[in-house]
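Participant: Using this note's numbering, you'd call the opening residue of the sequence shown number 86 and step up by one each time. C-beta: ideal position from N, C-alpha, C; glycine also. Structure incoming, see below.
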Amino acid sequence: MTDPEVATLATLTNVQNSLFIPDLGSFLNRRPTYNLTREPTFFPPPAKAPSVKPPSIKPPSIMTQNRIETDADDVEQRPGIDRTFTIASHLSDTEDHYAVLPHGLSLEGWSLAEKQELNDHVRHMLHSRRAAFKRGMKGFGQYVRRPLGLFVTVYATLVTLFGLAWVLFLIGWINVGGRQSYIINVIDNVLVALFAVVGDGLAPFRAVDTYHMIYIAHYHHLTWSLRKKRNLPKLKNENDLPVQPGIDADIENGSTAEAASVHDVLSEEQQRKLKHHEDKFSKSHTFYKPHETETHHAFPLRLLVAVVVLLDCHSLLQIALGTCTWAISYHVRPFALTTVILCFSITCNITGGIIISIGDRITRKKDVVERMFRQQLTEQAIHKMEKRRQKESERNEELDEVVTQSPSDGPRKSPLDGTGLEPGSNPIQPRVLGAGLDAAQLVTNLH
86 MTDPEVATLA TLTNVQNSLF IPDLGSFLNR RPTYNLTREP TFFPPPAKAP
136 SVKPPSIKPP SIMTQNRIET DADDVEQRPG IDRTFTIASH LSDTEDHYAV
186 LPHGLSLEGW SLAEKQELND HVRHMLHSRR AAFKRGMKGF GQYVRRPLGL
236 FVTVYATLVT LFGLAWVLFL IGWINVGGRQ SYIINVIDNV LVALFAVVGD
286 GLAPFRAVDT YHMIYIAHYH HLTWSLRKKR NLPKLKNEND LPVQPGIDAD
336 IENGSTAEAA SVHDVLSEEQ QRKLKHHEDK FSKSHTFYKP HETETHHAFP
386 LRLLVAVVVL LDCHSLLQIA LGTCTWAISY HVRPFALTTV ILCFSITCNI
436 TGGIIISIGD RITRKKDVVE RMFRQQLTEQ AIHKMEKRRQ KESERNEELD
486 EVVTQSPSDG PRKSPLDGTG LEPGSNPIQP RVLGAGLDAA QLVTNLH
C-alpha cells in the first residue's frame, strides 16, 4: 500500500509531462517540489554526535495512569496479544503489526497499552477508505496550487465540458432548431482548437522522443540477442540493462554494483549512446526510469514503446482532424468523418495516460514504499496521541485545581450579596413571616 497523496502527485505529474507539457529546458520547471502534508511533531531532530542517544518519546503522564492501567487490563484479556509487543523501524512479518517507527525515534517508556493503541490507529488509517480518499484529495490540491497543475486542470475541464456539449447536440438531446448544424460546428471548432494545442503543438517534441525511443529499443533487443548467443545468464530484470562501471554514475541504487559482476555485451561507445538517449528520454518523460532506483524498478520497454506509439498516433490524428475541420466547410463535411477521427484521437491519448499510470504502479517497490508510508502514518498517530494526552493532562489539572481549592480562597461576597439581604439569611423567610402576620390580623378582625 502506498501513500495516496504521493501516488496522486506522481501520477498527475507523469501524465502532465507526457501528455500536455513538453520539455522546454530551463524555461519551464515541470518537476516542482511539493510540500507533503505532515502533522507537526514535537520531536527534536536526531543528534549528529554519535555519543548522544536518539530522541525518545515521553512516557505517559501521571494524570493518565488510571486510563492506561485500565487499558492494560483490557489488553491482558485480549487473546493473541504478545506481552513483548514492539514497534520496529522496518516492516514486520507478523500480520498484527502495522505501525513502523520512523528513523531516529524510539518508544522508550511507552506501556504495552500505548503501543497497542498506536498500532490500532495505524491499522485503522491503512484500511480506512475515507482517510485514503482524503489524502488523495490533498495530493490533488497540492497539484492544482501549482501554475502548471492549474493550467492542466482548467484545460481538461474545458475539454470535458465542450466535449459533453458536443455529444449532447450531436445526439439531439439539445435541439436549437435550424441552428443545430451551426452550433455543432462552433463547438467542433473549439474542440479542435483545444486539442490542437496538445496534439499539434507537441508533434515536434514527440518526433524527437520517438527518435530516442528507437535507439533505446534497438540497444535493448541487441543486448538480449547477444546475451542469448553467448549463453550468458539471464538478467535479473531484462528492462534494466547492465552498465560498465563509470559509464553511468547517476544510478541511484544497486545497479552499478550488479553490473560489475555481469558480463557486458555492448561496447563502451554503444553504452554511451544508450545512456545519452535514456537520459534525453527520461528528461522528456518523467515516468521513464531506465535503471532501478530506491523506490522503483526499471520501466518495461514494451510499455514504453506502446506509450510512444499511442502519443504519436494522437498527434497524427489531431493533425488530420484539424485539416478536415478547417479545410472542409461544415455544410458539406460529414459529421461521421470528424467524429471518428476525434474519438480515435481521444482514445489514444487516454490509453497512453492509463499505460503510464499502470507502468508506474507495477514498477514501484511495494515493500519500500509501504514502509515509508507506514512510517509517516505512525508519526502522525504519535502526534495525535500526544496531543490528546496533553489535552487530558490540562483537563485533569483544571479539575484538580477546582477540587483542592479551599472555600476561603474563593471570591468574597458583598454584605448584601446582591439580594439586599444579610449573608446567611433566608430570602423566603421575610415573605413567609409577613404573610403569617397578615393572616393573624385578618383572623382578629373577623372575630
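In this structure, how does DSSP classify A92 when only helix, strand and coil are distinguished?
Facilitator: Position 7 of the sequence shown holds residue 92. Note: A92 maps to helix in three-state DSSP.
Participant: Could you tell me which residues DSSP puts in a beta bridge with H381?
Facilitator: To locate residue 381, count along the sequence shown from 1; it is residue 296. Bridge partners of H381: R449.
Participant: What would DSSP say about G234, mapped onto helix, strand or coil?
Facilitator: The residue you call residue 234 lines up with position 149 of the sequence shown. G234 falls in the helix class under three-state DSSP.
Participant: Give the straight-line distance between the Cα atoms of F105 and S414, rounded to the nearest whole angstrom.
Facilitator: Sequence index remark: in the sequence shown, residue 105 carries index 20 (1-based). Sequence index remark: in the sequence shown, residue 414 carries index 329 (1-based). Going by the C-alpha atoms only, they are around 29 Å apart.
Participant: Out of curiosity, what's the CA-to-CA distance linking I404 and F420?
Facilitator: Against the sequence shown, residue 404 aligns to sequence position 319. Against the sequence shown, residue 420 aligns to sequence position 335. Approximately 17 Å, taken between the alpha carbons.
Participant: Would you call the stretch 278 to 290 in contact with the stretch 314 to 328, where contact means no fewer than 3 C-beta pairs closer than 8 Å?
Facilitator: no
Participant: Taking the continuous alpha helix (DSSP H) assigned at Y415, which residues delimit it?
Facilitator: Looking up residue 415 in the sequence shown gives position 330. No alpha helix (DSSP H) holds Y415; DSSP gives it neither H nor E.
Participant: Taking the alpha carbon of R357 as the reference point, which residue from T410, Y300 and W411 has its own alpha carbon closest?
Facilitator: Taking the sequence shown and counting its residues from 1, the one referred to as residue 357 is at position 272. With distances taken between Cα atoms, R357 lies closest to Y300.
Participant: With three or more C-beta pairs closer than 8 Å as the rule, is the stretch 225 to 238 touching the stretch 383 to 390?
Facilitator: Cβ pair count under 8 Å is below three, so no.
Participant: So what's R473 in DSSP terms, helix, strand or just coil?
Facilitator: Numbered from its first residue, the sequence shown carries residue 473 at position 388. Note: R473 maps to helix in three-state DSSP.
Participant: State the Cα-Cα distance for the pair K360 and N102, rounded to the nearest angstrom.
Facilitator: Working through the sequence shown from its first residue, we reach residue 360 at position 275. Working through the sequence shown from its first residue, we reach residue 102 at position 17. Their backbone Cα atoms lie some 21 Å apart in a straight line.
Participant: Please report the Cβ distance between G286 and P89, rounded to the nearest whole angstrom; I am assuming they are in contact, meaning their Cβ atoms lie under 8 Å.
Facilitator: As a first step, residue 286 must be located in the sequence shown, where it is residue number 201. As a first step, residue 89 must be located in the sequence shown, where it is residue number 4. The pair is not a contact, with the Cβ atoms about 32 Å apart (cut-off 8 Å).
Participant: What would DSSP say about H399, mapped onto helix, strand or coil?
Facilitator: Taking the first residue of the sequence shown as position 1, residue 399 is located at position 314. Helix.
Participant: Compare the C-beta of V392 with all C-beta atoms of chain B and state if any pair is closer than 8 Å.
Facilitator: Considering every chain present, this structure includes no chain B. It has just one protein chain.
Participant: Between L351, L211 and I439, which lies nearest to M457 when the distance is taken from Cα to Cα?
Facilitator: The residue labelled residue 457 in the question sits at position 372 within the sequence shown. If we check each option's Cα against that of M457, L211 comes out closest.
Participant: Find out if the Cβ-Cβ distance for the pair L276, T308 is shorter than 8 Å.
Facilitator: For the purposes of this step, residue 276 is taken as the residue at position 191 of the sequence shown. For the purposes of this step, residue 308 is taken as the residue at position 223 of the sequence shown. No, the Cβ-Cβ distance between L276 and T308 is not below 8 Å.
Participant: In three-state terms, what does DSSP make of P187?
Facilitator: By 1-based counting over the sequence shown, the position of residue 187 is 102. Coil, per DSSP.
Participant: Answer with buried or exposed for L97, where buried requires no fewer than 16 other C-beta atoms within 10 angstroms of its C-beta.
Facilitator: Taking the first residue of the sequence shown as 1, we reach residue 97 at position 12. That one is buried.
Participant: Which whole-angstrom value is the C-beta distance of F247 and I272, which I expect to be below 8 Å?
Facilitator: Taking the first residue of the sequence shown as position 1, residue 247 is located at position 162. Taking the first residue of the sequence shown as position 1, residue 272 is located at position 187. Yes, F247 and I272 are in contact; Cβ-Cβ is about 6 Å, under 8 Å.
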